[in-house]
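**Student:**
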Amino acid sequence: MKSIITLKSKLVKRGPIFALLPALLVVIFILVPFGYSIYFSLTDASLIEKDIHFIGFGNYIKYFGSGLFWHNFKVTFSYTFLAMFFEFLLGFIIAFALNQDTWLGRFLRPFTLFPLMISPIIGTIMWKLMMNPEFSVLNFILSPFGVAKDFSWSADTDYALFSAVLIDVWMFTPFIAIIILAGLKGMPPRVIEATRVDGLSRFTILRKIVFPLLMPYIVICLVFRFIDSIAQFDIIFGLTRGGPGDTLMVYQVEAYTQVFNYYKIGYGSAIMLVMWLIVFIVCNFLIRYWNSLRERLR
Amino acid sequence: MDKRKNLGKNIFGKLITYITLIITFSFLLFPIYWIFTMVFKPTNDIIAYPPTFSFQPTLKGILYVLGLEEATAIGTTAGFRSYFLIGVRNSLIVVVSSILISLIVGLPAAYILARYKFKGKEDIAFTILSFRFAPPLLVIIPLYLLFSRIGLYNTHIALIWVYQLISIPMILWIVRGYIEDIPIEIDQAGMVDGYSRIYIFLRLILPLAKGGIAAGTLLAFIYSWNNFIFGMVLASTSVQPVTVQAMRYLTTDTLMYREIAAICIGAALPLLILAVFLQRYLISGLSMGAIRR
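The listed protein sequences derive, respectively, from chains A and B. Residue numbers are given in my numbering: position 267 of the first sequence equals residue 250, and the series is strictly consecutive. Residue numbers are given in my numbering: position 215 of the second sequence equals residue 305, and the series is strictly consecutive.
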């Protein structure tokens, strides 16, 4: 009898843990596969052969030794930084333009998020239809700037990265525009008015007052865009599957190719884990910083 | 004098704003417009160069997507059936059930993570959040092997399982933020009145967190609907969602541009409509609840 009572009070005390269980269970379903990835990366596991041999750090040594690592690293990070640079530039321009009270801005605002709503793979297919060198409407629009009728965009080694970045910029600029716009709208109007009276130049107002107040919003954009573009798969897979050659082999596409085209599960897992570790370190820092800003935005 | 100078400056500023808006929004919206017109173009107009802006519209693209008419690829006579409706059916099954599960599992967890104090709380919250940012392949390569072995490969259940990776972090983090904004006095008042925690959660807190639940559900829906890689790796034609079905036409050598365009627009249209009407939830949801206005 007594034990039942204590059990009951224990249950009440432990209530939170019991209610969290379902969420934890799902976490475990995800973490177990993750553990398996680590195991596979230390073996020569293959999609077509049954036998698995433990080979220690063989996959890792091969990945770093072959120069593939640096290639994937370079492609992944050039893609990320180019895309983010243009997205921030364009996103800020759109946010500031929408923040001016004009009828055109009020009319266009609901459409800002359209590209972001479209699935990355669908958006990429749409751009491919416009980039087809047989009947490219883009080449037609850009012909006054000297673009040839049969300019082949992603099929051209020199322009493949540019083409992928262009699609990324189209898709994710709205994200930055809308978050920065939220920041501008949330700014106390008196702050701006007060500075106008003091006769400060527009540039000084921007640099000394507007940007510091926008900082939390900028960091949100940085965190989400950085983490998502580092792990970009859909756009590049849809556009060229990493080609032409290995031009667009970001690490996610590389790992996919190793596993599903060359059947090397072990090697593919090692590639994923190396990049995951790099991304994890950066993300951990960014996410914690973001969380401290989350508190401040309240 | 000074006033006139200001007026001139204002008009100039307005002009710059208008030009900026026209250029940037042309870039954002032209692709959607162009693919939309492609759905209604006769084949000759699709492959015409220079591109044609006016044309005799055809309904073939729509009929094809709805499964009412087979399409023939350019240069062949073989007919192709549309996989679009199969894809939409699969997407709906997987997305709706995975969101329901995430709500059942995630809402109580969101409440507890917002209200209780216990050791390791933030670590749990961050582990769940980190799935929003985890590279998907890391998890699905082992799951692919596991599912193949236990017979779950190419089932809706397998996809519903992995889609939790998308919807649980969204719902949990967004709703948690909203609950944290609800004054704790409401919980306390409920307890003074002798209500149980479960009653307080269901009857007092959930109704007040409506906005967060809406934002979380909406975002989870968008991201799940748009996901491509899970369905591509873990299923084949009969179970794959609409995003993977759309890709199918690019991998074959069939040149069915109008049909591809029609599938793209068909997959995107529901979300575009949602975006116009539910904009305010989107902004809060896109920042995982960091911006809440």
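All C-beta atoms in this analysis are idealised placements derived from N, C-alpha and C, irrespective of residue type, glycine included. Values in this document were obtained by computation on a predicted structure and should not be read as measured data.
Check for me: the alpha helix (DSSP H) holding LEU96(A) runs from which residue to which?
**Tutor:** First-last for LEU96(A): undefined, no H or E at that position.
**Student:** Would you list the one or two residues that DSSP bridges to ALA161(B)?
**Tutor:** PHE170(B)
**Student:** Is there at least one Cβ from chain A nearer than 8 Å to LYS104(B)'s Cβ?
**Tutor:** yes
**Student:** Exposed or buried, GLN146(B), counting other C-beta atoms within 10 Å across all chains shown (16 or more means buried)?
**Tutor:** exposed
**Student:** To the nearest angstrom, how far is the alpha carbon of TYR201(B) from that of THR187(A)?
**Tutor:** 44 Å
**Student:** Taking contact to mean at least 3 C-beta pairs separated by less than 8 Å, is the stretch 208 to 217 of chain A in contact with the stretch 60 to 69 of chain A?
**Tutor:** The answer is yes - the stretch 60 to 69 of chain A touches the stretch 208 to 217 of chain A, with three or more Cβ pairs under 8 Å.
**Student:** Does the ligand PLP have a heavy atom nearer than 7 Å to the CB of PHE320(B)?
**Tutor:** The ligand PLP is not part of the structure shown, which contains no ligands of any sort.
**Student:** Taking Cβ-Cβ distances shorter than 9 Å, what residues in chain A pair up with SER390(B)?
**Tutor:** Any answer about residue 390(B) is impossible in this case: the structure gives chain B only from 91 up to 383.
**Student:** Count the C-beta pairs between the stretch 149 to 158 of chain B and the stretch 139 to 151 of chain A that are closer than 8 Å, then say yes if the count reaches three, no if not.
**Tutor:** no
**Student:** Contact between the stretch 71 to 81 of chain A and the stretch 160 to 172 of chain A: three or more CB pairs below 8 Å?
**Tutor:** Under the 8 Å Cβ criterion, the stretch 71 to 81 of chain A counts as touching the stretch 160 to 172 of chain A, having at least three qualifying pairs.
**Student:** Between GLY251(A) and chain B, is there a C-beta pair that is closer than 8 Å?
**Tutor:** Yes, contact with chain B.
**Student:** Which partner residues of SER29(A) appear in the DSSP bridge assignment?
**Tutor:** LYS247(A), per the DSSP bridge assignment.
**Student:** Roughly how many angstroms lie between the CA atoms of LYS131(B) and TRP124(B), to the nearest whole one?
**Tutor:** Answer to the nearest angstrom: the Cα atoms are 10 Å apart.
**Student:** For chain A, is any of its Cβ atoms less than 8 Å away from the one on ALA305(B)?
**Tutor:** no
**Student:** One question on the structure: do ILE261(B) and LEU193(B) come within less than 8 Å of each other, judged by their Cβ atoms?
**Tutor:** yes
**Student:** Return the chain-ordered list of same chain residues with a C-beta closer than 6 Å to the C-beta of GLN106(A), the five sequence neighbours on each side being excluded.
**Tutor:** The amino acid occupying residue 106(A) in the given sequence is Gly; Gln does not appear at that position. Hits under 6 Å: MET154.
**Student:** At what residue ranges does the stretch 221 to 294 of chain B contain a whole run of the alpha helix (DSSP H), taking only runs of 4 or more?
**Tutor:** Segments of the alpha helix (DSSP H) lying fully in the stretch 221 to 294 of chain B: 226 to 240, 246 to 271 and 275 to 282.
**Student:** Using a 10 Å radius around the Cβ and a threshold of 16 neighbouring Cβ atoms, would you call TYR272(A) buried or exposed?
**Tutor:** exposed
**Student:** CB-CB under 6 Å to PHE291(B), same chain, minus the five flanking residues each way: which ones, in chain order?
**Tutor:** TYR201
**Student:** Check this for me: beta carbons of ALA305(B) and ILE264(B), under 8 Å apart or not?
**Tutor:** yes
**Student:** Of the residues that make up the stretch 211 to 222 of chain B, which ones have a beta carbon closer than 8 Å to any beta carbon in chain A?
**Tutor:** ILE214, PHE216, THR217, ILE218, LEU219, SER220 and PHE221
**Student:** What do you reckon, are the CB atoms on GLY280(B) and GLY302(B) nearer than 8 Å?
**Tutor:** No, these two residues do not count as a Cβ contact at 8 Å.
**Student:** Should ALA238(A) be labelled buried (16 or more other beta-carbon atoms within 10 Å of its own) or exposed?
**Tutor:** buried
**Student:** Is it the case that the stretch 80 to 96 of chain A contacts the stretch 197 to 209 of chain A, given that we only count it when at least three CB pairs across the two stretches are under 8 Å?
**Tutor:** no
**Student:** With 8 Å as the threshold, decide whether the Cβ of MET128(B) is near any Cβ in chain A.
**Tutor:** Judged by the 8 Å Cβ criterion, MET128(B) is in contact with chain A.
**Student:** Taking only three categories from DSSP, how would you classify LEU364(B)?
**Tutor:** helix
**Student:** Consider the Cβ of LEU111(B): report whether some Cβ of chain A lies at a distance smaller than 8 Å.
**Tutor:** yes
**Student:** Taking the C-alpha atoms as reference points, what is the distance between ILE218(A) and ILE104(A)?
**Tutor:** 6 Å
**Student:** Going by DSSP in three states, PHE118(A) sits in which element: helix, strand or coil?
**Tutor:** coil
**Student:** How close, in whole Å, do the beta carbons of SER339(A) and SER252(A) come, if the pair is a contact with beta carbons under 8 Å?
**Tutor:** Here chain A comprises residues numbered -16 to 281, so residue 339(A) is not present and cannot be evaluated.
**Student:** What are the residues that DSSP puts in a beta bridge with PHE37(A)?
**Tutor:** Under DSSP, PHE37(A) takes part in a beta bridge, and its partners are THR26(A).
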